[in-house]
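Working notes, beginning with the structure itself.
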Amino acid sequence: MTAVGMLGMTLDGEWQEKYHLPLSLIEKLINEFNPDVICGEVHTDSWDPYIREVLKVFMEKKRA
224 MTAVGMLGMT LDGEWQEKYH LPLSLIEKLI NEFNPDVICG EVHTDSWDPY IREVLKVFME
284 KKRA
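What follows is the structure, encoded as structure tokens:
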């Protein structure tokens, strides 16, 4: 059976402090639960730089 983790998270440091939900706790919970797949929201501010880096690496490998 596949274990799916649904990850709801805020990257805002003030909210993490206010709601007692630091990234270190999320990491601990993920490691404890050990899901096969994690689903969560991805913001454009995080996605766009990631895609640019992936495309950069892809193009470098393609040229080699």
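Quick note on this note's numbering: the sequence shown kicks off at 224 and runs consecutively. For each residue, glycine too, the CB sits at the ideal point set by N, CA and C.
Can you list, in chain order, the residues of its chain with a C-beta nearer than 7 angstroms to that of residue i? Leave out the 5 residues immediately preceding and following it.
i: R286; result: none
Identify, in the order they occur along the chain, each residue of the same chain with its Cβ nearer than 8 angstroms to the Cβ of residue i, setting aside the five sequence neighbours on each side.
i: I249; result: L230, M232
i: H266; result: L234
i: F256; result: A226, G228
Can you tell me the Cα-Cα spacing of residue i and residue j, whole angstroms?
i: L246; j: K284; result: 33 angstroms
i: K251; j: M224; result: 22 angstroms
i: D268; j: P258; result: 25 angstroms
i: P272; j: M282; result: 15 angstroms
i: A226; j: E237; result: 31 angstroms
i: W270; j: E264; result: 10 angstroms
i: V280; j: E240; result: 36 angstroms
i: L278; j: H243; result: 36 angstroms
Assuming the contact rule is C-beta atoms closer than 8 angstroms, residue i and residue j should be a hit. Round their C-beta distance to whole Å, please.
i: I261; j: G228; result: 4 angstroms
> Of all the alpha helix (DSSP H) runs that stay within the bounds of the segment 234-285, which reach a length of 4 or more residues?
Replying inline: 236-241, 246-256
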